[in-house]
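Notes to accompany the following structure.
2 protein chains.
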Amino acid sequence: MKLSKRIEAVRQRFLDKETDAVLVNSPHNKFYLGGLFSSSGYLLITKANQYMLVDGRYYEEVQQNNKLFQVELLGGPNTLAERLNSVVAAEGLKQIGFEGRELSYDAYRSLQERIRCRFYSLDLAKIRSIKETAEIETIQTACTMADAAFRHILGYIEAGMSEKTVENELVRFLKEQGGQKDAFDSIVASGVRGALPHGKATDKIIQKGELVTLDFGVIYQHYCSDITRTLAVGRCPEELVRVYAAVKAAGEAAMERAKPGLTLGELDSFARNLIRENGYGDYFGHNLGHGLGIQVHEYPAVAPGNAQRLEEGMVITIEPGIYLPQVGGVRIEEDVLITRGGCRPLTRSSRDLIVI
Amino acid sequence: MKLSKRIEAVRQRFLDKETDAVLVNSPHNKFYLGGLFSSSGYLLITKANQYMLVDGRYYEEVQQNNKLFQVELLGGPNTLAERLNSVVAAEGLKQIGFEGRELSYDAYRSLQERIRCRFYSLDLAKIRSIKETAEIETIQTACTMADAAFRHILGYIEAGMSEKTVENELVRFLKEQGGQKDAFDSIVASGVRGALPHGKATDKIIQKGELVTLDFGVIYQHYCSDITRTLAVGRCPEELVRVYAAVKAAGEAAMERAKPGLTLGELDSFARNLIRENGYGDYFGHNLGHGLGIQVHEYPAVAPGNAQRLEEGMVITIEPGIYLPQVGGVRIEEDVLITRGGCRPLTRSSRDLIVI
């Protein structure tokens, strides 16, 4: 992690004649730029300096481990406003950019009222979109753990088991492999529940003849993986086998075409059109995918009409799905790295319909 | 859960001549008022109606399970602004209150620009502070699970084991008991790491002669528990035994005095003064506790100077700690229910120093 390079990139991109500093409050950007992962605390990047403002719970740790930032203690009389005002005065700041999507309205208003400076909403989401080599390796490790967990669960899952039991085993296995924690609440959706794209694991018992959609991921060294597979417990209805084939073909069509220069909307439409041609156009109601990294959902959205272009070094998910109300559903999700000439899957579990 | 009563309470408290409606976006308040637990989606409570606005991922589920709310589909041309504007027009709304601490600045600005209505920041935090009987029972179950996990870990933990291994076993056990998930990333801080109040579990190996602070909790049916115990692995330094006694005495003094009518600041000071009298006043740098419920940290803060008063039915934590830099630390945390004449602990693990 070259934090100083990342900080310099933020300066280049956001500081100009108007804006003298950027205030960072989101945990993921504080980690990306400062190595600090906490819900509280702030980074302030000015033209000349960078500051880390933390309370007593983090001060000792941060003082020891960090040479890049000037560390300021928050707490008691040292309010955020007081600390910021002293930097504003010392460096003559006129306008501070802040993360408008991440800072609450009340926190914004409190800064605006107390600090002798203008405030301006900006969006740092894109700073993390092109992954560095070390980041890609970390995401690859998280993806390999997810693949291992899927392989493990194939030998574990059986009819008569609750969805919750399967989820618990997934999470236990991922942590045992060295994962920090699950990247999000796992989806284990069996039978008709497969028609719910967000069907978190419940006490429902998995029955023979049902499809089961598993959507899970792990955080490894602060980076996420996110994989979905749908498997069959015994023989399942013919219609769902056709649905499975349509989903698989849609995802693979998108993966074949993904490459730098293509817009995210075009990528989405390759999969979406194929699902429509197969007669299931009304049953794919979400985006094709999303960026993946420190956050499990991050910039960019692989969404209809998104005119932003794929770039080498982006990591995105490709996850078409078909959901038939009262019947069931299928989703298959890969994490892929955009390479110079195409894309490379980071998740590598089989995409064939596995019957157990 | 009597959602209709809770909604009516919000109407009584927040709707008046000025404010015609409340917009709810925080997951915990959407769950409390609408039974909906999701990061996206909104509730709108007007004088005459209540609306639930969700996208396609939740629409089917919500339509089926909910009779109280008028459900509106978001997505495509049905933007939040379009839907809200139609309610604003139909009901003649002039001013909508929103959760200023929960809505981002950008989301606020987008509403302000698009919706023909004034917006006004309000704070719903207090609506959940007095727990209903069923809520108390659910929190009690979550606390009993945490107690069971502590008992279990006493037979599991030993010198030579990493903090991470202990955390993984805690989480596995809690989920096996029927807990949804850990309420937060468990703290397992051994030896000198005990001086870090937020010492998340690491790969550090637990050594003989160290204290280990375990701070963990579980979510059960959307309600949290949050317990801390510090145990000794073999005989530990005399100074830390004295520290342990001071922390225990401080927590117990606060529990003896907690009752309706006392201010939260007074409660904090009972523990804080005792720690100061024992010579450790400089080493207790955080609040004595916090409210507990759907969120692991919620209103009220048991903090120095807080003039709000304890009320019957509040559930709070009492968690004094002493942290000696480079030496180690002790924290003991109970979850307690404020009763008519005092308080009742919901966590019931022994507070004696256990040596294993």
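Protein chains in written order, with our numbering: chain A, 1245 to 1600; chain B, 1245 to 1600. Cβ atoms here follow ideal geometry from the backbone N, Cα and C, with glycine treated the same way. None of these values were measured; they are calculated from a predicted model.
Partner residues in the beta bridge of Leu1297 of chain B, as assigned by DSSP, are B:Tyr1286 and B:Glu1316.
Contacts between Leu1328 of chain B and chain A, judged by CB atoms closer than 8 Å, are missing: the closest CB pair is about 16 Å apart. For Cys1387 of chain A, the uninterrupted alpha helix (DSSP H) run begins and ends at Thr1377 to Leu1398, by DSSP. Distance from the CA of Phe1528 of chain A to the CA of Tyr1302 of chain B, rounded to the nearest whole angstrom, comes to 14 Å. Pro1544 of chain B: member of the beta strand (DSSP E) spanning Glu1542 to Val1546, first to last residue.
Across the region 1347 to 1362 of chain A, CB contacts with chain B closer than 9 Å involve Leu1347, Ser1348, Tyr1349, Asp1350, Ala1351, Tyr1352 and Arg1353, in sequence order along the chain. Residue ranges of uninterrupted beta strand (DSSP E) with 3 or more members, entirely inside the region 1495 to 1577 of chain B and ordered along the chain, are 1533 to 1535, 1542 to 1546, 1559 to 1562, 1565 to 1568 and 1572 to 1575. In the three-state reduction of the DSSP assignment, Glu1326 of chain A falls in the helix class, which pools H, G and I. Interface annotation, Phe1258 of chain A: not in contact with chain B, CB-CB separation never under 9 Å. Residue A:Met1558 holds the alpha-carbon nearest to the alpha-carbon of His1534 of chain A among A:Met1558, A:Pro1569, A:Gly1525 and A:Asn1517.
Interface criterion not met: the Cβ of Val1268 of chain B is under 9 Å from no Cβ in chain A. Of the residues A:Leu1568, A:Gln1570, A:Ile1562 and A:Gly1586, the one whose Cα lies closest to the Cα of Arg1595 of chain A is A:Ile1562. Among the residues facing chain B, Ser1282 of chain A is included, as its CB has a counterpart in that chain under 9 Å away. If you draw a 10 Å sphere on the C-beta of Asn1412 of chain B, you find 16 or more other C-beta atoms in it, and that means buried. Across the structure, Lys1291 of chain B and Glu1335 of chain B are spaced so that their CA atoms are roughly 9 Å apart. Taking the Cα of Asp1459 of chain A as reference, the smallest distance to any Cα among A:Glu1252, A:Asn1322 and A:Asp1426 is reached at A:Asp1426.
Cα atoms of Phe1417 of chain A and Tyr1400 of chain A: separation of roughly 11 Å, rounded to the nearest angstrom. Exposed is the label assigned to Val1599 of chain A, since fewer than 16 other Cβ atoms lie within 10 Å of its Cβ. Non-local C-beta neighbours of Ile1450 of chain B in its own chain, meaning closer than 8 Å and more than five positions away in sequence, comprise Ile1401, Glu1402, Ala1403, Gly1404, Met1405, Ser1406, Glu1407, Val1410, Ser1434, Gly1435, Val1456 and Val1477, ordered along the chain. For a Cβ distance threshold of 8 Å, nothing in chain B lies close to Val1540 of chain A: the least Cβ distance comes to about 11 Å.
Taking a contact to require three or more Cβ pairs closer than 8 Å, the region 1365 to 1379 of chain B and the region 1303 to 1313 of chain B do not qualify as touching.
Taken through DSSP and simplified to helix, strand or coil, Lys1492 of chain A comes out as helix. Spatial neighbours of Tyr1467 of chain B in its own chain (CB-CB distance under 7 Å, excluding positions within 5 residues in sequence) are listed in chain order as Glu1379, Thr1382, Ile1383, Ala1386, Gly1537 and Ile1538. Proximity of chain A to Ser1406 of chain B at the Cβ level (cut-off 8 Å) is not reached, the minimal Cβ distance being about 11 Å. Put simply, the region 1333 to 1347 of chain A touches the region 1268 to 1275 of chain A. At least three CB pairs are less than 8 Å apart. Within the region 1427 to 1451 of chain A, Asp1429, Ala1439, Leu1440, Pro1441 and His1442 place their CB atoms closer than 8 Å to a CB of chain B, listed in sequence order. The beta carbon of Gly1344 of chain A sits closer than 9 Å to some beta carbon of chain B. Those residues of the region 1452 to 1467 of chain A placed with their C-beta closer than 7 Å to a C-beta in chain B do not exist.
Contact of Arg1301 of chain B with chain A by beta-carbon distance below 9 Å involves Leu1440, Pro1441, His1442, Gly1529 and His1530. Here Glu1542 of chain B has Gly1535 as same chain residues with Cβ atoms under 6 Å from its own Cβ, once five neighbours each way along the sequence are excluded.
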